[in-house]
Each structure stands twice: as structure tokens, then as C-alpha cells.
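A.B. asks: Below is one structure. I have some questions about it.
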Amino acid sequence: MTTYIIRRLLLVPVLLFGVTVLIFGMLQFLSPVERTALYVRDFPKNEKAIEGLIKRYGFDQPFYVQYWTWLVGKVDKTTGEREGGIVYGNFGYSRSASQPVAELIQRRFPNTLDLTIWAVAPMILIGIWLGVQAAVHHNGFIDQAARVFSIVGTSFPTFVFGLLMLLIFYANLHWFSPGRLSDEFNRVIESDAFRHYTTVLTIDALLNGRFDVFLDALRHMFLPILTLSYINWATFLRVTRGSMLETLRMEYVNTARAMGLPERDVIFKHAQPNAMLPVLTLAGFSIVGLLGGVVITETVFNFPGIGSAAARAATSLDVVAMLGFALFNGFILIVANLVVDVLYAFVDPRVRLS
Amino acid sequence: MRKMFALLSLLVIASMALSACGGTAPTAAPSTGDTTTEATEAPSTDTGTDAPAAAEFKSADPTTMVVANAEVATDTFDPALAYDTASAEIIQNTYETLVFYDGEATDKFVPMLAESWELSADGMTYTFKIRSGVKFHEGQDLTASDVAYSFQRGLLQGGTSSPQWLLAEPFFGVGVDDVSVVVDPEGTLYDDRELLSAFDSAAVVAACEKVKSAIVADDAAGTVTMTLAQPWGPFLPTIAQSWGAIMSQSWVVENGGWDGSCDTWQNFYGMASADNPFSGIINGTGPFTLEKFANGEEIILARNESYWAEPAKLERVILKQVPEWGTRFAMMQAGDADLAVVPAANRSQMDELVGIYQVFDLAANTYGPEQEVCGYDDSALAAAKFTACAAGETGNNGQFRLRIGRPALQMDVLLTNWNIATSEESPNPYIGSGALDGNGIPADFFSDVHIRKAFAYCFDFETLLNDVFSGEAVQSYQLPLAGMPGYFPDTAHYSYDPAQCEAEFKLADLDKDGIAAGDDPEGDVWTTGFRVQMGYNQGNATRQTIAEILAGSLASVNELFLVETLGLPWPAYLRAQRAKQLPLMTGGWLEDIHDPHNWYQPYTTGTYGGRQSLPDDVKAQFRDILERGVSETDPAARAEIYKEANTLYYDLAVGIPLNVTTSHGFSQRWVQGVVLNPIFPGNYFYTMYKD
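Residue numbers (this note's numbering), protein chains in the order written: chain A, 10 to 363; chain B, 10 to 700.
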């Protein structure tokens, strides 16, 4: 087990190196002048200044030199200060957001994390529950109803479902608002009295004893969570149902039944845990997807997460920010993959033995 | 699994409980009706009334104005550098200028931070008496030195991405558009701080001293004297915009800005927003302070309680970034947004919910009276969609207010390149074979005036106005816009006329054999035809359609005339323009100041004139007119000078002015006190309130 985990951990730097090379390499398809155009707001008036910029950013250097500069930055000979360097947390300046990319990620990611924390449970648990019910009532009414319910969900484009929710629950019923927080509570969290322990709003609200802020934050996240859940339930249902059906047909389940165990125990104690392996993989990737930002949901509900910031960077051709987001997502993916692999090893002995 | 079901039930119950904390919908209540702002000696929140008291809507929070903007980030709050409307809107509400626009007028000014001003007899020296008792948001007193420093700092910071070229010309002379040109008249130092710093130090210091001697403060007298390089007709409009905003010198220095020394200014030259310490902070004298700045999310302005004039009526202004239109629409419907950016494609959704509307009266140059909506016809165009209620009739009680029909201060112009850049080493990909053989065009194709006129007569303006802009645009006859010297509503202009188009093509002589194409037995453009590419920046549907309209019209006149439309990524489009490679292009211009110089300069001697490769003799003709025009301070005399420019531009068919779009702006019915000055970069919240 330890060897397995160490082996996986050793792979992380290799994967990170691969991700950075891949992401940076894609930029090299553009000429130095085109790359300069991506980094500056407007082209300078004289050609010499363009050349100056190319030299300053080192766009005329060989790939490996540019890559190394991107990784570790450059030290200014006169001031001794280091410019750039992603390993030092300097991802550059985002033109679309008019702020450093690291700051942008730092500000947006806690919101995405907050949404993920609250979306995971309904998204996964209800999806699994629907799948189990469908499998247990195979081809029965509940099975058919659950499948229709989820297929409708998965057939809805996210933005259509999201806008529909907004129309019903916000524009007409005035129950749930878009955004992150109501204005009155925004002023609360920006006051000196409110301490930002974790920067994750709901957790900080509870730690500050501000249940009103906590409820308001949840109220703003309700529709995004509902949208994310509904469009994902079908996948969880399908995977869980298939895996459960397969497990329920296994010999050991029949043996358990033959031994007179109650059906409840057969399903939930003996069949379900073994049926959860593919669901675990799916859950891992779903969480990574949420952490990487859910572009459409965040955009429709005006939720200031990392996904909407990345979408904005992409539509503005803000390459510096896009590189930062891609790198950040790559990092999350690698770490989440590692966690899922380790969990797998815990759940399934075959994995660690292999 | 029962626990799971219980959990689910709990979630649903919780959601219902949370919903009880929900916001409130707009409520019906009596209102005082709409207002318009009256011009005053200094800016004031006083408003006149000109509307019936018919609205019955009231905001849940009358102290806060919420604006749902589309996805636009501000670039910088440094007034010397900001050149985008999103930044300028914030600057205009937090900083202040010496003079300001008089209500909706684009050509009349009232005192702001200057109590008064005088112009010398030779028209070259302005003396501003600075208002006393004015404090910056952080408590510093406004002094004459702050004013002088702000202008000096802006000019010396310069850079071609900044608006400083607008101030450079009056202070340094016509055509000198950056302080780096004062240092090196050869223009080798543009935007390059390192080169400028390494340049002859005497020239570097001399440039700074020249700036300082042109703008002199007298703190004892409370005056600032500005000496221009020549009389400058549009000087007041130039300093009334955001780049003329006044900063506190001590605050700028404290925050790492220029210390005012001529030995250090070069370290701040050409500063980009990313390196600028004032990109995210504000300390102005304006009616609002910057309470919160979360770029790309929201900006909150709070009322400046120590404002030198009457404080604003609104306590707070929240500018939310809401990229998705559907969300903005829902916010407007719910009454949570008071104003919202509505894309042209989505206007009909809002139009259906309009209860009150005002149509711009071109003759009176102001919006007409408010009218209740009693009928709506989606198939009609622009204001004709709405039917006003007759006397005694009750309106549809629609939720929104619409103001429609005011021409914007921007224009699209179809431009031809008179000497297209191409060479054997680097053949131009946009001109086909590069010869008059039916498969391309020669580099000097558009140097023939008949070709340019033929293209002008072949452009179908009606299709552009009605099909592309749904009737919400007017044809431009000239570069100057309505309300500025040089605008003549009946001036000569081109109209769509295929017969005249054909006649002009037949008059052309591209093979230069002295025989017009229509009579040339050896063949010319009429018999050989041509193939040329018209580029546009990808995603710009208007420019794409302009190219397609032109292509269609030309092909209908002669099937041998082939214009291919070509979408280019923005950097490639810009680069090809600057390299003078594009034979045909659409130039768009949003004016900086409401003055003909701001139109003729870029379109003849400046940016676009360069991209069109206009010959030196043509540029010289325009330069002469522009120098006379900009140096003249009498509006009537200026109008006559720019009339010459209009005639020359038309006769030579230098460019084809296409269209000016017209306004179509929505708000909640309770939004009052709006000053609809089209030169403003955004909303001016000082006069606004909710009732």
C-alpha cells in the first residue's frame, strides 16, 4: 500500500512537468509578433517598440529558454528583483480582469470551492440513491420514472435549465437571487468585524457566528447547486444502476439471500459497497470538474467562481490568464487523480496488489 | 436509505425556508414622474420636470442604484492613462475636471473645479481660477499646484495607448501626439521607456521643462495658467473628459507616482495599467468615492458626504458585472437592477415590457416628451414599434422606460487603401495576382478617384440601415457629427446608385493609357474585372455584413467584380492594417471630444489616413485645413473651414461615411434625473435618483 502511494506521488512532478510543457508548447505555434500582440493591450506605434517588447519578453529565444523563463522568471540586473516565474506564484497579469492572474485565482477559487462543497452531496448522493432505487426496482415503475427524470435532466442544456430556474425562482417568485451574496451581507463580510479565516464564505460565516450570512450565501447557491445536481444525476444514476445490477446478479448476493439475510442488508451492506467502485471514479472526476469551475452555471447565475473568470479570459483572448487557469486546472486534476487512486487502493484490494 | 430520503426532504424544506428570506419585487406606489437635468452654474442635482405623473412603480431600495453591466473590466483608474469607457465612467463619477459638460449639451461647458477661466486675446493662454474649499476623498485640500501637476504628469506619462495625444497636440503643436516626439522629433522613442531613458539626457530634461513652463500654478492667487502651442478651438472639450481629471499630488507621490522632478519623469513614461499604482485606487474630488473594487465582479461607489457642492441623492451605486444577458434580464424583471446593458439582438424582449418611452427629436436635439405605450408592433422598426396612448387612454403599465433614437457619437467609415503595400519578397495576400487581370488588383487600384467613387455609389446604405441595424441607425453624410462645427445636414453625399457606379467604373483609367475604361478597346477594369479581399476582424458581424453588402452590390453591377470577405483574428487584422496591406477595410471611431478635429485628424492625417496610404499632397491639403480649423476659436468661422474639409473629403471620396447608430436604452421606470449626454462614457450618477 505504501509503495503504491509513493509510486503515485513520484509521478506527480512528472505529470506536472508534462502539463506545463504541453500548455506552454501550444503557444509556440504563434509567431513572436503574434504572441506579443496577445500580451499587450494595444500594439505600440513604432516597430522598434514591438521589437523591444519581443526582446523584453524573450519571444525570440529558443523554446527551452522561454519555457525556463516562464517557469522561474528573470532577475532584473539593476534592481535584483525577480520578474515572473510560475513556480514563484507569478502567473502574469490578466488583461481581461486587469489584475494579476494569481490574485484572480486566489479571489475566485474559494467561491468555486464553496460551491463544490455544497454541491457535492446532493449531486452525488441523490444520484447514487436514484441509481440504487432504479436497480432494486429493475424495470419497475420507480426504475422507469427515475430514468425518465434523469434523462430529461441530462437532455437539458445547462444554460437553458439554469435560465429556466432563474425565470421561475428569481424573476417570478423572487426566492433565490443570482450572485454571491445580498448587498447588505456583502457589507457585513467586508467590514473589519468579519474575519476571513478560510476565505470560503459559508465556513467563515459559521466561524464568525453569522448564521444570517451563512443562510444568504446558501440561498444564492441553491439554484446553481440544483442545476449542477440535476444535470449530473443522470450520469450517476446510469453508472450506479448498471453497477448495482451487475453486482446484484453475482453469486455471493444470491448466497446472502439464500442464507436468509434481510433484503435490505443484502442490498445496502453487501451489494452496494462493491457496486460503488465505478461511482467513486465518476465522483472523483465530477469533483475535479466542479473545482475547475463550472463555466455555464457560474455565468448564468453570475456566481464569481473560477469558471466564469476562465470563460471571460478565453473570450477576451487573454492568453496569460488562460495559461494560468489551465495550469491551475491541471494541478487540481493531478492532485484529485492521486486522491482517487489512493482511495481506490483503500476500497479495492486488487488495485494495491496489482 | 431512509436517512438519505430524510436528508433529501430536509433539503427541500430548507430551500423553502431559505426562500422566505428572498428579495422583494417592485412595488406599486405613486411617483413624481420623470425629470431632465437643467444646466446650472456648477453641477447640481436640481432637476426640472417635464413629464406626466403616470408611473406607478417604486424601487425596493431608493438609496442604491444597481447597474447590470455586460462583461467589461475596467483597465485603469489612472485618469492620465484610462482610455476605455468602463474606466472613464468610474473616473467621471469620482474624479473631476476643471470644466464639465452643461447637461446634455456636448458643446457647452460649466465650471467644475475651475470657478472661472479667461482666454488671452491671442487665444493661446488659458487662466483658470481654481475653486477653493474643495477636498479630495482622503482629506487633502485641492490646490492650484495639484491641477498643474495633474496635467504635467499626464503629458509626461504619455504613451500611445493613453489618451494623452489629445492634450499633446494643443500643448506641443498640431501633429505632435506624444511627449516622446518632443524629446526626439524623429519619433523613434514612442512607447519605449528604456530607449527614452537612454536618450540624450539634456533633451529628456528639456521636454519636461517645456511641459512645466506651459502649465504653471500660482497657489497664492489660486490660478493655473496654460500656454498652448497655438490657439486651440476645442481646448475646453479636451480638458472636460476623464484625462483632464485632477489628482492630489501628495497622494500620487505617496503611492509611488511621479515626484514632480524633471530628473525622474522618464521612469514613468509610457506606463501600462499593469504597472500603474493608480489602476485600482481612487482619490478624487468627485461626488462618489470608490467603496469596493472587485474587477470583473462589481464596483461599488459610495456618496462623498464631504462633496464641495450638494451631495448626490443616491447613497450608493453598485455596478455589477453580469455577463449573461438572461441573468441581466431576470434582474431587470425582478427589479433588482435599475439599469442594464441590453444587446441589440435582445432588445425585443425588453421592448415588449416598455410602459413609457421617449423619442429623440433630431430637430430640437433633445428627447421628446414621455409617452405611455398603448400598442406594440414587433414587425415595425425602431420607435415605430410603439403606439403612444391617445388622450384619456390608459397605457399598458409596462415595467420599463425606453429612450430611443439619439444618434451615437461613433461612426463606421468604409476605407480604401490608395497605395497597398506589397513587394516581391512579401507579396500581399489580399490583392490576388496584384495585377489588373481579373484575378487581383494592382497596388494603386484605389488611387483612381473614379474607382473610389464607384465603390461609394455601389454601397447599399438602405440595406445596411434597415437589415443590419433594424432601422436604428442613420446614414452619415460627412465626418462631423450633428451639433459640431462643420456639420451640415444637406451636405453632398453618396447614395446607392448602380447606374452611377457603373458610369464611374467606366470613367476609370487603371491601365493609364489615357482612355477611360468604358471606351478602352484594349480593355480596362470594366472588361477585365477584379478580385480583391475585404478583411474584417472575426466576430464583428457588422463589419462582416458591410463587406458582404459591398460584395453583393458590385457583383450585381458587373459579374467580373469580385470582393471576397475575409475574417481575420484581431491581431492579424490590426497588423495588416498597420502594415498598410488591407485594400479595403471598415474603420470605426468613437469620438473622444465632440469636435470635427477629433474626426478629421484620425481619418486624414492621423491613424486611418496612414492606413489608407493617403498621398502626401492629399494629407497636406487636409493638414492645412485642420491647422486652420483647430486654431480658430470662433465656431462660425470654424464651421466654414471644416466645410472645406467636407467638400474635399467628398470630392476625393477619401472614405465613405456609412452609419451612425441611434440610442435604444432601457431603465426601470423609477430611475430619474438621468443626464443623457452621449459624450459621457457611461452614467453620470450625481444627478440620478429613484422615485
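Idealized CB from N, CA, C, for every residue including glycine. This one's a predicted model, so the numbers in the text were calculated from it and none came from an experiment.
(1) Against Ala318/A, what residues of chain B qualify as contacts under a CB-to-CB distance less than 8 angstroms, listed in chain order?
(2) Pick out whichever of Met174/A, Asp221/A and Phe294/A has its Cα sitting closest to the Cα of Thr341/A.
(3) Residues of the region 333-346 of chain B in Cβ contact with chain A at a cutoff of 9 angstroms, in chain order, please.
(4) Looking at chain B, is there any beta carbon in it that lies within less than 8 angstroms of the beta carbon of Asn241/A?
(5) Can you confirm whether Thr83/B, when its beta carbon is compared against all beta carbons of chain A, has any partner nearer than 8 angstroms?
(6) Measure the beta-carbon distance from Ala155/A to Ala143/A and round it to whole angstroms, keeping in mind my assumption that it falls under 8 angstroms.
(7) Residue range of the alpha helix (DSSP H) that Ser565/B falls in?
(8) Can you pull the chain B neighbours of Leu108/A, defined as C-beta to C-beta under 7 angstroms?
(9) Among the candidates Pro690/B, Asn686/B and Ser676/B, whose CA atom is the shortest distance from the CA of Met74/B?
(10) Of the choices Ser252/A, Phe185/A and Phe334/A, whose alpha-carbon is the least far from that of Ala280/A?
(11) Could you name the residues of chain B that Tyr102/A contacts, counting a contact when the two beta carbons are closer than 7 angstroms?
(12) Is Ser191/A buried or exposed, if buried means 16 or more other CB atoms sit within 10 Å of its CB?
(13) Where do the N-terminal and C-terminal ends of the beta strand (DSSP E) with Cys510/B fall, by residue?
(14) If you scan the region 202-238 of chain B from start to end, which runs of the alpha helix (DSSP H) of 4 or more residues do you find wholly inside it?
(15) If you count every other CB in all the chains shown that lies within 10 Å of the CB of Ala180/A, and 16 or more means buried, which is it?
(16) Does the distance from the C-beta atom of Pro416/B to that of Ala491/B stay below 8 angstroms?
(17) Apart from the five residues on each side of it in sequence, which residues of its chain come closer than 6 angstroms, Cβ to Cβ, to Ala79/B?
(18) Identify the contact partners of Lys301/B in chain A, using a Cβ-Cβ distance below 7 angstroms as the criterion.
(19) Can you check whether the CB of Ile99/B is closer than 8 angstroms to the CB of Pro88/B?
(20) Quick one, are the C-beta atoms of Ser159/A and Leu246/A less than 8 angstroms apart?
(21) Mapping DSSP to helix, strand and coil, what is Trp608/B?
(22) Could you give the uninterrupted runs of the alpha helix (DSSP H) lying entirely in the region 76-153 of chain B, keeping only those of 4 residues or more?
(23) Any idea which residues DSSP pairs Asn668/B with across the strands?
(24) Residues in its own chain within less than 7 angstroms of Ala34/B by CB, not counting five upstream and five downstream?
(25) Name the two residues that bound the continuous alpha helix (DSSP H) containing Thr12/A.
(26) Using the beta-carbon count (16 or more within 10 Å), is Gly401/B buried or exposed?
(27) Below 8 angstroms, can you find three or more Cβ-Cβ pairs linking the region 363-370 of chain B to the region 402-414 of chain B?
(28) Which chain A residues sit within Cβ distance under 9 angstroms of Ser288/B?
(29) Quickly, what does DSSP pair Pro243/B with across the bridge? List them, please.
(30) Determine, for Phe310/A, whether the minimum Cβ-Cβ distance to residues of chain B falls below 8 angstroms.
(31) Can you pull the chain A residues whose beta carbon is under 8 angstroms from the beta carbon of Ile327/B, in chain order?
(32) When the Cα of Ser257/B is compared with those of Pro687/B, Ala346/B, Leu237/B and Gln161/B, which residue comes out closest?
(33) Does the beta-carbon of Arg91/A have 16 or more other beta-carbons within 10 angstroms, so that it is buried, or is it exposed?
(34) Please check if any C-beta of chain B sits within less than 8 angstroms of the C-beta of Arg321/A.
(35) Measuring only the C-alpha atoms, how far is Arg373/B from Gln358/B?
(36) Pick out the complete alpha helix (DSSP H) segments inside the region 143-220 of chain A, 4 residues or longer, and give them in chain order.
C.D. replies: Result, derived from the coordinates:
(1) Stepping through the first sequence from its first residue, residue 318/A is reached at position 309. Under the 8 angstroms cutoff, chain B gives Gly305.
(2) Position 332 of the first sequence, counting from 1, holds the residue named residue 341/A. The amino acid at residue 341/A is misidentified as Thr; the sequence shows Ile. Selected option, being the one with the closest Cα: Phe294/A.
(3) Glu333, Gly335, Thr336, Arg337, Phe338, Ala339, Met340, Met341, Gln342, Ala343, Gly344 and Asp345
(4) What you label residue 241/A is simply residue 232 of the first sequence in a count that begins at 1. Not one chain B Cβ lies under 8 angstroms of Asn241/A.
(5) For this step, residue 83/B is matched to residue 74 along the second sequence. Yes, Thr83/B counts as interfacial toward chain A.
(6) The sequence position of residue 155/A within the first sequence is 146, counting from 1. The sequence position of residue 143/A within the first sequence is 134, counting from 1. That pair is a contact at about 4 angstroms.
(7) Taking the first residue of the second sequence as 1, we reach residue 565/B at position 556. Where Ser565/B is concerned, the enclosing alpha helix (DSSP H) stretches over Ala550 to Val566.
(8) Position 99 of the first sequence, counting from 1, holds the residue named residue 108/A. Note that residue 108/A corresponds to Gln in the displayed sequence, not to Leu. Here the neighbours are Asn304.
(9) What you label residue 74/B is simply residue 65 of the second sequence in a count that begins at 1. Per the Cα distances, Ser676/B.
(10) Counting from one through the first sequence, the residue named residue 280/A turns up at place 271. Of the candidates Ser252/A, Phe185/A and Phe334/A, the one whose C-alpha sits nearest the C-alpha of Ala280/A is Ser252/A.
(11) The residue labelled residue 102/A in the question sits at position 93 within the first sequence. Within chain B, the residues near Tyr102/A are Ala283.
(12) Here residue 191/A is taken as the residue at index 182 of the first sequence, counted from 1. It counts as buried.
(13) As a position in the second sequence, residue 510/B is number 501, starting the count at 1. Premise fails: Cys510/B lies in the alpha helix (DSSP H), Pro507 to Leu516, not in any beta strand (DSSP E).
(14) 202-207 and 210-223
(15) The residue given as residue 180/A occupies position 171 in the first sequence. The residue in question, Ala180/A, is buried, as its Cβ has 16 or more Cβ neighbours within 10 Å.
(16) For the purposes of this step, residue 416/B is taken as residue 407 along the second sequence, with counting starting at 1. For the purposes of this step, residue 491/B is taken as residue 482 along the second sequence, with counting starting at 1. For Pro416/B and Ala491/B, yes; Cβs fall inside 8 angstroms.
(17) Here residue 79/B corresponds to residue number 70 of the second sequence, with the count starting at 1. Val350.
(18) Residue mapping note: residue 301/B aligns to position 292 of the second sequence, counting from 1. Ordered by position in chain A, the residues that pass the 7 angstroms Cβ test against Lys301/B are Glu199.
(19) Start at 1 with the first residue of the second sequence, and residue 88/B comes out as number 79. Start at 1 with the first residue of the second sequence, and residue 99/B comes out as number 90. In this structure, Ile99/B does not lie closer than 8 angstroms to Pro88/B by Cβ.
(20) By one-based count along the first sequence, residue 159/A stands at place 150. By one-based count along the first sequence, residue 246/A stands at place 237. Yes, the pair counts as a contact, with Cβ atoms nearer than the cut-off.
(21) The residue you call residue 608/B lines up with position 599 of the second sequence. Note: Trp608/B maps to helix in three-state DSSP.
(22) 94-103
(23) Counted from its first residue, the second sequence places residue 668/B at position 659. The partner list for Asn668/B (beta bridge, DSSP) reads Asp421/B and Gln484/B.
(24) As a first step, residue 34/B is located in the second sequence; it is residue number 25 there, counting from the start. At Ala34/B the pLDDT is 41, less than 50, meaning the model places this residue with poor confidence and gives no usable figure here.
(25) Within the first sequence, the letter at position 3 stands for residue 12/A. That run of the alpha helix (DSSP H) goes Thr11 to Leu36.
(26) Position 392 of the second sequence, counting from 1, holds the residue named residue 401/B. Under this definition Gly401/B is an exposed residue.
(27) yes
(28) To locate residue 288/B, count along the second sequence from 1; it is residue 279. The contacting residues are Ser107 and Gln108.
(29) Your numbering for residue 243/B matches position 234 in the second sequence. Answer by DSSP bridge pairing: none, since Pro243/B is not bridged.
(30) Translated into positions along the first sequence, residue 310/A becomes position 301. Closer than 8 angstroms to some Cβ of chain B, the Cβ of Phe310/A qualifies, so yes.
(31) Here residue 327/B is taken as the residue at index 318 of the second sequence, counted from 1. The answer, in chain order, is Asp192.
(32) Reading the second sequence from its first residue, position 248 is the one you call residue 257/B. Cα-wise, what sits closest to Ser257/B is Gln161/B.
(33) Translated into positions along the first sequence, residue 91/A becomes position 82. Classification of Arg91/A: exposed, given that the 10 Å Cβ count is below 16.
(34) Locating residue 321/A in the first sequence gives position 312, where the first residue counts as 1. Judged by the 8 angstroms Cβ criterion, Arg321/A is in contact with chain B.
(35) Residue mapping note: residue 373/B aligns to position 364 of the second sequence, counting from 1. Residue mapping note: residue 358/B aligns to position 349 of the second sequence, counting from 1. At residue 373/B the sequence reads Ala, which differs from the Arg that was named. Cα to Cα, Ala373/B sits roughly 30 angstroms from Gln358/B.
(36) 150-164, 167-175, 192-198 and 210-216
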